[in-house]
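Colleague: Our numbering numbers the first residue of the sequence shown as 102 and each following residue consecutively.
The structure is given below, and queries will be raised subsequently.
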Amino acid sequence: MAAAIYGFQCRLAFYKPNDMRWVEFPTRDTEFEDVIFFGEKIYAVNRDGQLYEFDTKTKSGRLEGGIHEVRPPSRLDTSSLTIKYLIGCANGSLLMLVRHFRIPLDRRDSECYETYKFDIYELKKNGKKWSRIYNLGDYILMIGFTSSVQIPASYPKTGNQIFFSDNMIETKSRDYALAQDLGVFSLENRRFYRLLLDVKFFVLPFGCYPNSKLSAFILDFNIGGNSSAVDFT
Numbered sequence: 102m103a104a105a106i107y108g109f110q111c112r113l114a115f116y117k118p119n120d121m122r123w124v125e126f127p128t129r130d131t132e133f134e135d136v137i138f139f140g141e142k143i144y145a146v147n148r149d150g151q152l153y154e155f156d157t158k159t160k161s162g163r164l165e166g167g168i169h170e171v172r173p174p175s176r177l178d179t180s181s182l183t184i185k186y187l188i189g190c191a192n193g194s195l196l197m198l199v200r201h202f203r204i205p206l207d208r209r210d211s212e213c214y215e216t217y218k219f220d221i222y223e224l225k226k227n228g229k230k231w232s233r234i235y236n237l238g239d240y241i242l243m244i245g246f247t248s249s250v251q252i253p254a255s256y257p258k259t260g261n262q263i264f265f266s267d268n269m270i271e272t273k274s275r276d277y278a279l280a281q282d283l284g285v286f287s288l289e290n291r292r293f294y295r296l297l298l299d300v301k302f303f304v305l306p307f308g309c310y311p312n313s314k315l316s317a318f319i320l321d322f323n324i325g326g327n328s329s330a331v332d333f334t
């Protein structure tokens, strides 16, 4: 099965093997920012931070669900200079990571944004409320133009970090290369470590990593100028 965010309105659609076409989710809502498979369900989040839950194992065989009973976190930033990511955790919790952008003071080019802050919220398994967290323990989050995932740190004292790549595709040019927003953020010391500042790319960079421990693989792509995200399971 595959789930996708598509079009200028950022709607949801899904596809099952042997189906003849993509089918829209049982919601007419728009402005979705991420969609993932997690625990035999599909979760999505919109620009307002509202969580959606859809069941893939119904008796009818049809996808069912809609707005989750959990309300968005209080004081959540929903401005256009944020992106929200959903990440399933090994302990059954769900994370919502809010990435904040700004134009660097030394670069007033509107096509060049940089990440300057992250907010992380956790919804525990069977929980009823998002909680703000400030520590990832021995885990790393990887976000960007590919999968949003949680992975265990490979070495001691290398956890509690966020690895990020650029996925502000709406601000990029098709005619010339640009510097990209790549780096690592340490929650331990609250510092950013920027990567490849002097390198310019025609396409957005992405990371690759072993998939054996993951329940889903996400591929982001661009069709006709519309940013789309697809999650396969």
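From the three backbone atoms N, C-alpha and C, an ideal C-beta is built for every residue, glycine too.
(1) Tell me which residue opens and which closes the beta strand (DSSP E) that Gln-151 is part of.
(2) By the 10 Å Cβ neighbour count, where 16 or more other Cβ atoms means buried, how is Trp-123 classified, buried or exposed?
(3) Identify whether Lys-168 lies in helix, strand or coil by the three-state DSSP scheme.
(4) Between the C-alpha atoms of Phe-265 and Arg-295, what's the straight-line distance to the nearest angstrom?
(5) Can you name, in chain order, every residue of its own chain whose Cβ lies under 7 Å from the Cβ of Ser-194, other than the five neighbours on each side?
(6) Which residue's Cα is closest to the Cα of Thr-259: Leu-182, Tyr-116, Tyr-107, Val-285?
(7) Give a yes or no on whether the C-beta atoms belonging to Ile-184 and Leu-196 are separated by under 7 Å.
(8) Please work out which residues of its chain come closer than 6 Å, Cβ to Cβ, to Leu-182, disregarding the five sequence neighbours upstream and downstream, and give them in chain order.
(9) Is Ile-263 near Phe-219, with beta carbons less than 7 Å apart?
(10) Is the distance from the Cβ of Glu-125 to the Cβ of Lys-142 below 7 Å?
(11) Could you pull out every residue in the same chain whose Cβ sits closer than 6 Å to the Cβ of Gly-166, ignoring the five residues on either side in sequence?
Modeller: The answer reads as follows:
(1) Taken as a continuous stretch (DSSP letters only), Gln-151 belongs to no beta strand (DSSP E), as it is neither H nor E.
(2) exposed
(3) The sequence given here has Ile at residue 168, not Lys. DSSP places Ile-168 in strand when its eight states are reduced to three.
(4) 10 Å
(5) The answer, listed in chain order, is Glu-223, Leu-224, Lys-225, Lys-226.
(6) Nearest of Leu-182, Tyr-116, Tyr-107, Val-285 to Thr-259, Cα basis: Val-285.
(7) For Ile-184 and Leu-196, no; Cβs fall outside 7 Å.
(8) Phe-202
(9) yes
(10) no
(11) Sequence-distant Cβ neighbours of Gly-166 in its own chain, meaning closer than 6 Å and more than five residues away, are Glu-154, Phe-155, Asp-156.
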